[in-house]
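Below is one structure, written out as structure tokens; comments come after it.
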Amino acid sequence: MLNLTINGIQVTAPEGSTIMEAAKQNHIQIPSLCYLENVHSVGSCRICVVEIDGAKTLQASCITKAREGMIVHTNNERVQKARKVLYELLLSDHNQDCLNCNRNTSCELQALGRQIGVEESRFEGKQVSHPVDVSVSLTRDMSKCILCRRCVTVCNEIQGTGILNPQNRGFDTVIGPGMDLPIGSVNCAFCGQCTVVCPVGALKETASIQNVWKALNDPDKRVVVQVAPAIRVAIGEEFGLPPGTRCTGKLANALSMLGFDDIFDTNWAADLTILEEGSELMNRLNIALYEKKVTALPMITSCSPGWIKYIEHSYPNLLPHLSTCKSPHMMLGAVVKSYYAEKISIDPENIYVVSVMPCTAKKFEIARPEMMNKNLPNVDAVLTCRELGDMIKQAGIDFVNLPDREFDAPLGFSTGAADIFGLTGGVMEAALRTVYELITGRELPFANLHVTPIVGLDSIKEAAVKIEQPLEAYRHLDGVEVKIAVTSGLSGAKKLMEQVKDGVSPYHFIEVMGCPGGCITGGGQPRSQDPQVREKRMKNLYSEDESKVIRKSHENPSILSFYKEYLGGFPADNHLAHELLHTHYVQRGEFNQFIEESFVLESPQDIKRQSTQRVKETGAAQKSATSPKREELKPLNMLNLESENKHLKNKLSDAMETIDILKIVISDYSKQK
Amino acid sequence: MYAYTNSSTEDKSKYNSIANLIDLHKGREGSLIQVLHGAQKIYGYLPLDLQEFIADKMEVPLSKVSGVVSFYSFFSVKPRGQHIIRVCMGTACYVRGGKEIVEHLLDTLGVELGGTTADGKFTFEVARCIGSCGLAPAIMIDDVVYKQMTPAKVNTLLAKF
Ligand code: SF4
Ligand code: SF4
Ligand code: SF4
Ligand code: FES
Numbered sequence: 041m042l043n044l045t046i047n048g049i050q051v052t053a054p055e056g057s058t059i060m061e062a063a064k065q066n067h068i069q070i071p072s073l074c075y076l077e078n079v080h081s082v083g084s085c086r087i088c089v090v091e092i093d094g095a096k097t098l099q100a101s102c103i104t105k106a107r108e109g110m111i112v113h114t115n116n117e118r119v120q121k122a123r124k125v126l127y128e129l130l131l132s133d134h135n136q137d138c139l140n141c142n143r144n145t146s147c148e149l150q151a152l153g154r155q156i157g158v159e160e161s162r163f164e165g166k167q168v169s170h171p172v173d174v175s176v177s178l179t180r181d182m183s184k185c186i187l188c189r190r191c192v193t194v195c196n197e198i199q200g201t202g203i204l205n206p207q208n209r210g211f212d213t214v215i216g217p218g219m220d221l222p223i224g225s226v227n228c229a230f231c232g233q234c235t236v237v238c239p240v241g242a243l244k245e246t247a248s249i250q251n252v253w254k255a256l257n258d259p260d261k262r263v264v265v266q267v268a269p270a271i272r273v274a275i276g277e278e279f280g281l282p283p284g285t286r287c288t289g290k291l292a293n294a295l296s297m298l299g300f301d302d303i304f305d306t307n308w309a310a311d312l313t314i315l316e317e318g319s320e321l322m323n324r325l326n327i328a329l330y331e332k333k334v335t336a337l338p339m340i341t342s343c344s345p346g347w348i349k350y351i352e353h354s355y356p357n358l359l360p361h362l363s364t365c366k367s368p369h370m371m372l373g374a375v376v377k378s379y380y381a382e383k384i385s386i387d388p389e390n391i392y393v394v395s396v397m398p399c400t401a402k403k404f405e406i407a408r409p410e411m412m413n414k415n416l417p418n419v420d421a422v423l424t425c426r427e428l429g430d431m432i433k434q435a436g437i438d439f440v441n442l443p444d445r446e447f448d449a450p451l452g453f454s455t456g457a458a459d460i461f462g463l464t465g466g467v468m469e470a471a472l473r474t475v476y477e478l479i480t481g482r483e484l485p486f487a488n489l490h491v492t493p494i495v496g497l498d499s500i501k502e503a504a505v506k507i508e509q510p511l512e513a514y515r516h517l518d519g520v521e522v523k524i525a526v527t528s529g530l531s532g533a534k535k536l537m538e539q540v541k542d543g544v545s546p547y548h549f550i551e552v553m554g555c556p557g558g559c560i561t562g563g564g565q566p567r568s569q570d571p572q573v574r575e576k577r578m579k580n581l582y583s584e585d586e587s588k589v590i591r592k593s594h595e596n597p598s599i600l601s602f603y604k605e606y607l608g609g610f611p612a613d614n615h616l617a618h619e620l621l622h623t624h625y626v627q628r629g630e631f632n633q634f635i636e637e638s639f640v641l642e643s644p645q646d647i648k649r650q651s652t653q654r655v656k657e658t659g660a661a662q663k664s665a666t667s668p669k670r671e672e673l674k675p676l677n678m679l680n681l682e683s684e685n686k687h688l689k690n691k692l693s694d695a696m697e698t699i700d701i702l703k704i705v706i707s708d709y710s711k712q713k
Numbered sequence: 004m005y006a007y008t009n010s011s012t013e014d015k016s017k018y019n020s021i022a023n024l025i026d027l028h029k030g031r032e033g034s035l036i037q038v039l040h041g042a043q044k045i046y047g048y049l050p051l052d053l054q055e056f057i058a059d060k061m062e063v064p065l066s067k068v069s070g071v072v073s074f075y076s077f078f079s080v081k082p083r084g085q086h087i088i089r090v091c092m093g094t095a096c097y098v099r100g101g102k103e104i105v106e107h108l109l110d111t112l113g114v115e116l117g118g119t120t121a122d123g124k125f126t127f128e129v130a131r132c133i134g135s136c137g138l139a140p141a142i143m144i145d146d147v148v149y150k151q152m153t154p155a156k157v158n159t160l161l162a163k164f
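Residue numbers (my numbering), protein chains in the order written: chain A, 41 to 713; chain B, 4 to 164.
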């Protein structure tokens, strides 16, 4: 233990803590901006400065370690002044369009202003406006970026994808993909982890709220909604409930009050996925171990579209390892527009399916051309959990005090196995519960049906399940030890895929979820200040499972009758089942060199961007056409405007450079003082 | 795994030398800058394709490669011609025929703004006011200002290079 004095109070703190941590443990909160517990501490914003007796300059408390006998002032006049200046400078080049900003009232920059009591910005000036980069999944508005670089840490170190990095220098610095490419045209997984940590409105999901309201207001549309398992333990946070609060009944009620016609549960299709994916696994094991033929093992789960996009870019040769199953919400969409449409005699053209997902990549998934049946998209819109929270607020629904409601039949009933789809290890456990029992006729031999080695938040977990005394039909599997691995987060996936690539993967079945922790902390989930949020959501999703009477997918009566009624019984190895429930994948390559498919929504007109695109095109196309055609050239008045614009921008950047210099002078000054 | 398919033999040999360069440097501290430096010497500039090639071979993300390229003004992502033509687009030049000059150059050179001719001779840009408003329209080739230009004069001028 260390003894130190903070603001005149004697306190103690564990060895190795930073000043900020020491203060926090002693009930003093030091304002901060770029720091994010357990994720990011590089000391770039310096908002958290404190004065330390004996030190000449103010120190960033998020990266300075506390030492024995230190005397620290977190809020004296010098500190307050420095903080204000730093904050005002941050605002000086910020696009302060709060009223039109999606983070208004949930913005960390605003909150900081309130905390340190800044009312006006002395350095207020114009900003260089960056074009907004919109893809099907993510929207980047770099005029709001405060360069905290949390997203850079998350994308490079946690996800290992390296899409976002600083480009240019000085005042022109912008965080983004290389060569100013739009994010929808590069190998971004659309996992959205960067949108969760962004403190301001710079990185966010591409909004679908307006489209959904439009559908809800259209009297000719039957609007069907479904919710992913992980939503029920997270949506409450949007309304101030403690992290992880189970809100299943309130959620169903709120959706009905919003005007959705059918309130279905993606859980239903999670059970369906287990039956499809389970039989696929048994098939592959059969081929490999009994028929002794070549098949792609390990088989890898395919529920996480961010993971799918990642493997399509990074390991395009390993796609046969993926299960061919669509992800649960796509299955449900496909079933709604076929089975259910027939049942209620409605033309599927008039059905609009909305999925409420913890995920930004699901917005990309529904835009995949493979996710269509009979020329209709399986799902029409995806709302993130945050977006649904906004819609419920817009509708003035008092979420916290709502009574419970059930999901609607026939696609609303689910087992406990479906609930745990929302967390890392859950799909695997659900699959094992079913596969083991189908093979042996006995229940999975784990206490409370939880496969303990794969429970928890470690990046890579593994287990082995030995098959003993199987049923007659599976005799050849007797004694086989099924080896499994579970990973969440793309860095873990990378490790496991390197093994597969080198032919040394010891596993039969691998579960991959693109986000660390699984869907409970997906890229579309509420942003939380609670460092324990993953544990809390996980614990409650397990309780949701345990609270169900039926906890194994193959015992879901609603699924079984669907197979019987519509697919000719289980297992259904027929064309209809394949068309509705299975899909295929696309080789993309790291630089999209294998396919011309882009997920850019509107490419802003920007000189630099056009030229980089053209460079790319000339690279791809034969270099025969050396000079562009006359009509491709932009009209002259455009050129003139652009040059005028450039001129103004130059002037502006001169002014901004002066400000940059001022910033340095001021920080030197505050250091010296 | 980079599929570099559409290239001339000349390009290929350049890419090969760059690949060798990467083998020499890869894994060493600060090697990316050295590789980029060498690659620009070999290729003349660092277009997206080449950056992708380098990113792939060095096993670093493209965004990091381009981060370095855009940080140092020494690196260029576009080919630069032997001579840089800049047409003044200040107000005076614009109203007194700068526009026609630009149009004329677009046609004669067959490149777009910011582009370089196929033979690598000229790079064509516009400039903000170059301070010759009295004798507008003006153009600059490399460091020399030429005043009161007409399309015909431009032709004679270009022929000298
Ligand atoms: S990011 Fe925050 S401060 Fe900036 S415009 Fe949005 S709400 Fe306002
Ligand atoms: S969505 Fe994921 S992969 Fe894409 S930039 Fe954000 S963190 Fe990186
Ligand atoms: S985009 Fe957001 S997270 Fe990334 S540096 Fe800018 S403000 Fe920080
Ligand atoms: S919070 Fe400490 S430097 Fe940003």
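Cβ coordinates follow ideal geometry from the N, Cα and C atoms, glycine included.
| Query | Result |
| --- | --- |
| When DSSP labels each residue in this structure, what does V105 (chain B) get in the three-state scheme? | helix |
| With a threshold of 16 other CB atoms inside 10 Å of the CB of Q54 (chain B), please say whether the residue is buried or exposed. | buried |
| V68 (chain B) touches chain A at which residues, Cβ-Cβ below 8 Å? | G218 |
| Let me know the secondary structure DSSP gives K184 (chain A) once reduced to three states. | helix |
| Would you call the CB atoms of G218 (chain A) and S34 (chain B) closer than 9 Å? | no |
| Could you give the first and the last residue of the continuous alpha helix (DSSP H) run that contains L423 (chain A)? | Taken as a continuous stretch (DSSP letters only), L423 (chain A) belongs to no alpha helix (DSSP H), being part of the beta strand (DSSP E) at 421-424. |
| Going by beta-carbon coordinates alone, are I550 (chain A) and V520 (chain A) separated by less than 9 Å? | no |
| Examine chain B for any beta-carbon lying closer than 9 Å to the beta-carbon of G202 (chain A), and answer yes or no. | yes |
| Is the region 122-132 of chain B touching the region 88-95 of chain B in the sense that three or more CB pairs, one from each, lie closer than 8 Å? | yes |
| Determine the direct distance from the alpha carbon of E115 (chain B) to that of I647 (chain A), and round the result to whole angstroms. | Because I647 (chain A) sits at a pLDDT of 30, beneath the cut-off of 50, its placement in the model cannot be relied upon, and the point is left open. |
| To be precise: take each residue of the region 42-54 of chain B, compare its Cβ to all Cβ atoms of chain A, and keep it if any distance is under 8 Å. Which residues remain? | P50, L51, D52, Q54 |
| Going by Cα to Cα distance, which pick from A:L362, A:V273, A:I500, A:G241 is closest to G289 (chain A)? | A:V273 |
| Whole-angstrom Cβ separation of R473 (chain A) and K588 (chain A), contact assumed at under 8 Å? | That belief does not hold up - the Cβ atoms of R473 (chain A) and K588 (chain A) are roughly 12 Å apart, past 8 Å. |
| Decide yes or no for the touch test of the region 447-454 of chain A against the region 595-604 of chain A: beta carbon pairs closer than 8 Å, at least 3 of them. | yes |
| Hey, would you say the C-beta of C74 (chain A) is under 8 Å away from at least one heavy atom of ligand 3? | yes |
| Would you please verify whether the beta carbon of V63 (chain B) is less than 9 Å from any beta carbon of chain A? | yes |
| For a test of your reading of the model: does the CB of M60 (chain A) fall under 8 Å from any non-hydrogen atom of ligand 4? Yes or no. | yes |
| Please classify P50 (chain B) as buried or exposed, where buried requires at least 16 other C-beta atoms within 10 Å of its C-beta. | buried |
| Throw me the rounded Cβ distance for the G284 (chain A) and K576 (chain A) pair, which I believe falls under 8 Å. | 3 Å |
| Measuring CB to CB, does A421 (chain A) end up less than 9 Å from S395 (chain A)? | yes |
| Please state whether the Cβ-Cβ distance between M182 (chain A) and L298 (chain A) is less than 9 Å. | no |
| Report yes or no: is there a C-beta of chain B within less than 9 Å of the C-beta of V226 (chain A)? | yes |
| Buried or exposed for T153 (chain B), please, with buried defined as at least 16 other CB atoms from any protein chain shown within 10 angstroms of its CB. | exposed |
| Specify, as a first and last residue, the run of the beta strand (DSSP E) that G216 (chain A) falls within. | 214-216 |
| What separation, rounded to the nearest whole angstrom, lies between the Cα atoms of D59 (chain B) and G629 (chain A)? | 11 Å |
| Using a Cβ-Cβ distance under 9 Å, would E630 (chain A) count as near chain B? | yes |
| Which one of A:Q50, A:G210, A:N47 has the shortest CA to CA distance from M696 (chain A)? | A:G210 |
| Between A:L281, A:D93, A:I275, A:W308, which has its C-alpha nearest A294 (chain A)'s C-alpha? | A:I275 |
| When you measure from the CB of R209 (chain A) to every non-hydrogen atom of ligand 3, does any distance come out below 8 Å? | no |
| Going along the chain, which residues of its own chain have a beta-carbon closer than 6 Å to the beta-carbon of S101 (chain A), five neighbours each way excluded? | I59, M60, I70, C88, V90 |
| Kindly list the residues whose CB is nearer than 7 Å to the CB of H107 (chain B), restricted to its own chain and excluding five residues on each side of it in sequence; keep chain order. | P154, V157 |
| For a minimum of 4 consecutive residues, which ranges assigned as the alpha helix (DSSP H) are wholly contained in the region 307-364 of chain A? | 345-354 |
| Let's test the definition: count the other Cβ atoms within 10 Å of the Cβ of H353 (chain A) and tell me whether it reaches 16, buried, or not, exposed. | buried |
| Below 9 Å between beta carbons: does that hold for S378 (chain A) and Y603 (chain A)? | no |
| With C-beta atoms as the reference, is D302 (chain A) less than 9 Å away from V419 (chain A)? | no |
| Would a check of beta-carbon distances place V147 (chain B) closer than 9 Å to chain E? | The question asks about chain E, but that chain is absent: this structure's protein chains are A and B. |
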